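Peer 1:
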Amino acid sequence: MTLSAGSRLGPYEILGQIGAGGMGEVYRARDPRLGRDVAIKVLPASFSTDADRLRRFEQEAKAAGLLNHPNITIVYDIGTNSSDGAPYVVQELLEGETLRSELASGRFSPRKAIDYGIQIAHGLAAAHDKGIVHRDLKPENVFVTKDGRLKILDFGLAKLTQNEAGSGPKTNLPTATAGTEPGVVMGTLGYMSPEQIKGKPADARADIFAFGAILYEMLAGRRAFHADSAGETMAAILREEPPDLSVTNQSISPGLERIVRHCIEKNPERRFQSAHDLAFDLEALSGTSGLSTAAAASAGRSRGALRTVGLAAAAVVLAAAAFWTGRRIGTARPASPAIHKRVTFQRGNVLFARFTADGQNIVYGAAWGDRPAEIFTARVGSPESRSLGIPNASLLSVSSTGELAILLKKTNLHGTIGSGTLARVPLGGGAPRQIADDVVGADWSPDGTELAAVRKLKDSNVLEYPIGKAIYRSPTDILYARVSPDGQRVAFIEPTGVPTVSLVDRAGRKTELARDWVFADSIAWHPSGRELWAMGVVPGQGTGLWAI
Numbered sequence: 122m123t124l125s126a127g128s129r130l131g132p133y134e135i136l137g138q139i140g141a142g143g144m145g146e147v148y149r150a151r152d153p154r155l156g157r158d159v160a161i162k163v164l165p166a167s168f169s170t171d172a173d174r175l176r177r178f179e180q181e182a183k184a185a186g187l188l189n190h191p192n193i194t195i196v197y198d199i200g201t202n203s204s205d206g207a208p209y210v211v212q213e214l215l216e217g218e219t220l221r222s223e224l225a226s227g228r229f230s231p232r233k234a235i236d237y238g239i240q241i242a243h244g245l246a247a248a249h250d251k252g253i254v255h256r257d258l259k260p261e262n263v264f265v266t267k268d269g270r271l272k273i274l275d276f277g278l279a280k281l282t283q284n285e286a287g288s289g290p291k292t293n294l295p296t297a298t299a300g301t302e303p304g305v306v307m308g309t310l311g312y313m314s315p316e317q318i319k320g321k322p323a324d325a326r327a328d329i330f331a332f333g334a335i336l337y338e339m340l341a342g343r344r345a346f347h348a349d350s351a352g353e354t355m356a357a358i359l360r361e362e363p364p365d366l367s368v369t370n371q372s373i374s375p376g377l378e379r380i381v382r383h384c385i386e387k388n389p390e391r392r393f394q395s396a397h398d399l400a401f402d403l404e405a406l407s408g409t410s411g412l413s414t415a416a417a418a419s420a421g422r423s424r425g426a427l428r429t430v431g432l433a434a435a436a437v438v439l440a441a442a443a444f445w446t447g448r449r450i451g452t453a454r455p456a457s458p459a460i461h462k463r464v465t466f467q468r469g470n471v472l473f474a475r476f477t478a479d480g481q482n483i484v485y486g487a488a489w490g491d492r493p494a495e496i497f498t499a500r501v502g503s504p505e506s507r508s509l510g511i512p513n514a515s516l517l518s519v520s521s522t523g524e525l526a527i528l529l530k531k532t533n534l535h536g537t538i539g540s541g542t543l544a545r546v547p548l549g550g551g552a553p554r555q556i557a558d559d560v561v562g563a564d565w566s567p568d569g570t571e572l573a574a575v576r577k578l579k580d581s582n583v584l585e586y587p588i589g590k591a592i593y594r595s596p597t598d599i600l601y602a603r604v605s606p607d608g609q610r611v612a613f614i615e616p617t618g619v620p621t622v623s624l625v626d627r628a629g630r631k632t633e634l635a636r637d638w639v640f641a642d643s644i645a646w647h648p649s650g651r652e653l654w655a656m657g658v659v660p661g662q663g664t665g666l667w668a669i
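Sequential numbering of the sequence shown, starting at 122, is according to the numbering used here.
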């Protein structure tokens with residue numbers, strides 16, 4: 122039964138219909154007791170005798186009613202229509218549009234996508250803390266209010282994990298319909314995790330997979346997994362990887378692309394294991410993470426000892442570490458990192474930052490607005506930045522003698538990490554001098570006379586130190602190559618499969634320092650050369666800046 126304006130539903134006065142979904146009709150109504158407008162979702166009377174549909178509707182109300190978070194729609198009340206027995210749930214009335222409607226305008230800037238992603242991640246974390254898994258997260262179920270706040274909608278497919286522990290899948294026939302019908306695997310094609318498609322039980326990591334697909338779509342302007350038929354879409358989710366984000370949007374930082382890839386891993390064990398960790402890493406990229414005091418946790422590992430040394434935005438902390446590496450050789454222990462003043466004020470994506478050797482200037486790469494990436498310098502304490510005037514260039518390293526190692530003509534021909542031409546340029550600017558092709562990363566030796574470089578070839582990745590002398594080869598990516606303070610070793614991360622943090626000396630002898638991490642991203646040497654700092658997720662201990 123469709124309710125007309127002026128009719129009543131319990132104590133609520135219906136003002137008009139505002140929508141309809143797979144599980145009910147939505148009305149705008151007035152609550153005369155509190156003098157506020159609300160949204161009421163009503164299960165049509167024709168479906169009220171369907172036990173399964175009724176169960177899912179009641180589950181939505183129960184699940185959402187447990188939650189109280191600014192990024193989740195608020196449930197005020199539930200009831201039953203006295204005339205036909207149709208149940209209803211009363212929610213806050215939202216003004217704005219769905220994320221799907223916003224995506225119709227095309228891809229978002231990295232800044233906007235990260236902002237939206239942080240809000241969704243916080244909402245998911247609040248739900249997961251209550252044991253609630255959404256299982257149908259998609260742009261249609263995310264609402265963007267007029268003031269820019271995101272709200273997760275429709276927990277109609279939510280699973281109260283503590284009540285369904287050990288329950289198996291109800292069916293193995295997923296559906297591509299926009300609605301959610303009973304008798305099928307819960308979810309919507311294109312955002313369902315591989316385990317959902319296989320009909321296996323879905324936990325919080327299924328929501329993280331769907332989140333990754335949404336974040337990819339916001340950044341690329343296209344769906345991560347979409348084909349002409351339902352079968353082809355399912356096959357893509359199970360076996361294929363979407364195109365590199367940096368191909369569709371050149372202002373994407375490697376760190377942001379790795380977060381997306383980490384969300385949409387086929388194996389749930391390799392994804393982020395919590396939405397809290399996901400939100401932390403996104404906040405680190407956005408620069409909104411504050412600095413906490415150093416944690417006291419420590420853990421003995423089979424390949425070295427790890428301890429947390431404090432949490433902060435990765436670019437700032439590791440830039441500080443790089444500065445002290447060049448300036449204070451032999452310091453007994455790392456100084457507590459601190460954030461003093463904001464350096465950048467434009468909207469966009471900061472890609473990489475380093476101090477100069479004197480500690481008085483900051484060099485960073487950024488893609489502001491829709492412009493391509495550039496390299497800028499800023500004086501510490503000054504709000505002004507100066508572009509070096511080198512378009513489509515990425516900063517890699519700053520030498521102790523004031524020379525920059527940069528990457529030109531960045532491409533993605535050989536894999537997910539873009540390669541390009543390594544060049545050197547004076548800090549004051551000028552024409553870059555090209556050194557080597559197919560390079561993805563590089564770092565100066567302490568005296569500024571040599572470079573360690575990672576070259577991405579078709580069959581392998583090669584670490585050269587100095588350039589032209591291969592000291593290590595790997596079939597997977599080699600990231601964040603950093604030369605030790607004594608110039609004799611290079612540290613790096615191999616992120617694929619089981620992430621590892623390793624060292625290799627000039628003779629090619631490799632030592633693994635840490636492995637079996639969930640995620641590892643960015644490293645820097647302590648000035649003593651006896652310790653590395655790495656951003657990462659350690660199983661059972663969460664996300665942090667770790668000393669190894």
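All C-beta atoms, glycine included, are put in the ideal place defined by N, C-alpha and C.
If you're wondering where the values come from, they're calculated on a predicted model, not measured in any experiment.
Please tell me whether A323 and E316 are closer than 9 Å, where the distance is taken between their beta carbons.
Peer 2: Yes, they are a contact pair.
Peer 1: Quick one, which of S314, G200, K259, E213 has its alpha-carbon nearest E338's?
Peer 2: Of S314, G200, K259, E213, the residue nearest in Cα terms is K259.
Peer 1: Given a threshold of 16 other Cβ atoms within 10 Å of its Cβ, counted over all protein chains shown, does R475 qualify as buried or as exposed?
Peer 2: That one is buried.
Peer 1: Buried or exposed: where does K162 fall if 16 or more other Cβ atoms within 10 Å of its Cβ makes it buried?
Peer 2: Result: buried.
Peer 1: For D559, which of L175, R576, V546 has the nearest alpha-carbon?
Peer 2: For D559, the nearest C-alpha among the options comes from R576.
Peer 1: Can you say whether G137 is buried or exposed, counting buried as having 16 or more other CB atoms within 10 angstroms of its CB?
Peer 2: Exposed, by the Cβ-count rule.
Peer 1: Taking its Cβ as the centre, do 16 or more other Cβ atoms sit within 10 Å of R392, making it buried, or is it exposed?
Peer 2: Buried: at least 16 other Cβ atoms inside 10 Å.
Peer 1: Span of the alpha helix (DSSP H) holding V368?
Peer 2: Unbroken alpha helix (DSSP H) run through V368: 366-369.
Peer 1: Return the first residue and the last residue of the beta strand (DSSP E) that F640 is part of.
Peer 2: Counting along the chain, the beta strand (DSSP E) containing F640 begins and ends at 640-646.
Peer 1: Quick one: residues in its chain with C-beta nearer than 6 Å to the C-beta of D275, no 5 flanking neighbours on either side, listed in chain order?
Peer 2: Counting only Cβ-Cβ distances below 6 Å, and skipping sequence neighbours, we find N262.
Peer 1: Which of the three DSSP states, helix, strand or coil, is assigned to P660?
Peer 2: P660: coil per DSSP, three-state reduction.
Peer 1: Mark V619 as exposed unless 16 or more other C-beta atoms lie within 10 angstroms of its C-beta, in which case mark it buried.
Peer 2: Exposed, since its Cβ has fewer than 16 Cβ neighbours within 10 Å.
Peer 1: On the three-state DSSP scale, how would you describe F497?
Peer 2: Strand.
Peer 1: Just to confirm my understanding: we take G289, look at its own chain, exclude 5 residues before and 5 after, and list those with CB closer than 7 Å. What are they?
Peer 2: The predicted position of G289 is uncertain, since its pLDDT is 38 and thus under 50; no value can be drawn from it.
Peer 1: Counting only runs that start and end within the region 138-212, where is the alpha helix (DSSP H) found for 4 or more residues in a row?
Peer 2: Entirely contained in the region 138-212, the alpha helix (DSSP H) runs reaching 4 residues are, in chain order, 172-186.
Peer 1: So, for L548: in the same chain, excluding its five sequence neighbours on each side, which residues have a beta-carbon less than 8 Å away from its beta-carbon?
Peer 2: Only T477, N482, V484, T498, V519, G523, E524, L525 meet the Cβ criterion.
Peer 1: Using a Cβ-Cβ cutoff of less than 6 Å, which residues in the same chain neighbour E386 once the five nearest sequence positions on both sides are dropped?
Peer 2: Excluding sequence neighbours, E386 sits near R392.
Peer 1: If you reduce the DSSP assignment to three classes, tell me which class A552 lands in.
Peer 2: Residue state, collapsed to three classes: coil.
Peer 1: Between the Cα of P364 and those of W489, Y148, L578, L340, spot the shortest distance and give me the residue it belongs to.
Peer 2: Nearest option by C-alpha distance: L340.
Peer 1: Distance, Cα to Cα, E223 vs H249?
Peer 2: Going from the Cα of E223 to the Cα of H249 covers about 26 Å.
Peer 1: Label A552 either buried or exposed according to how many other C-beta atoms from any shown protein chain fall within 10 Å of its C-beta, with 16 as the threshold for buried.
Peer 2: Looking at its Cβ environment, which holds fewer than 16 other Cβ atoms inside 10 Å, A552 is exposed.
Peer 1: Give a yes or no on whether the C-beta atoms belonging to L215 and T170 are separated by under 9 Å.
Peer 2: In this structure, T170 does not lie closer than 9 Å to L215 by Cβ.
Peer 1: Give the straight-line distance between the Cα atoms of E404 and I235, rounded to the nearest whole angstrom.
Peer 2: If I take the Cα positions, the gap works out to 8 Å.
Peer 1: For S506, which of helix, strand or coil comes out of DSSP?
Peer 2: Of the three classes helix, strand and coil, the one that applies to S506 here is strand, per DSSP.
Peer 1: If you draw a straight line from the alpha carbon of E621 to that of S581, how long is it in whole angstroms?
Peer 2: Checking the displayed sequence, the identity of residue 621 turns out to be Thr instead of Glu. One C-alpha to the other measures close to 17 Å.
Peer 1: Compute the distance between the beta-carbons of G238 and S643, then report whether it is under 9 Å.
Peer 2: For G238 and S643, no; Cβs fall outside 9 Å.
Peer 1: Give the secondary structure of G421 by DSSP, where H, G and I count as helix, E and B as strand, and everything else as coil.
Peer 2: With a pLDDT of 34 at G421, under the threshold of 50, the modelled position of this residue cannot be trusted, and the question is left open.
Peer 1: In angstroms with no decimal places, state the Cα-to-Cα distance between G145 and A356.
Peer 2: About 31 Å.
Peer 1: Using the three-state DSSP reduction, which class does G562 fall into: helix, strand or coil?
Peer 2: Looking at G562 - three-state DSSP - the assignment turns out to be strand.
Peer 1: Since L517 contacts I496 with CB under 8 Å, what's their CB separation in whole angstroms?
Peer 2: About 10 Å separates the two Cβ atoms, so there is no contact after all.
Peer 1: Tell me whether I239 sits in a helix, a strand or coil according to DSSP, three-state version.
Peer 2: Helix.
Peer 1: Keeping to the same chain, check which residues put their C-beta closer than 6 Å to that of L529; ignore five residues upstream and five downstream.
Peer 2: Excluding positions up to five away in sequence, the list reads A514, G541, T542, A544.
Peer 1: Quick one: what does DSSP say N293 is sitting in, helix, strand or coil?
Peer 2: Here N293 scores only 32 on pLDDT, less than 50, and its place in the model is too uncertain to base an answer on.
Peer 1: Would L572 pass as a contact of I588 if the rule is Cβ separation under 9 Å?
Peer 2: Contact flag set, yes.
Peer 1: In angstroms with no decimal places, state the Cα-to-Cα distance between G676 and L175.
Peer 2: Only positions 122 to 669 of the chain appear in the structure, and residue 676 is not among them; the question remains open.
Peer 1: Taking the C-alpha atoms as reference points, what is the distance between R232 and R468?
Peer 2: When rounded, the distance between both Cα atoms is 7 Å.
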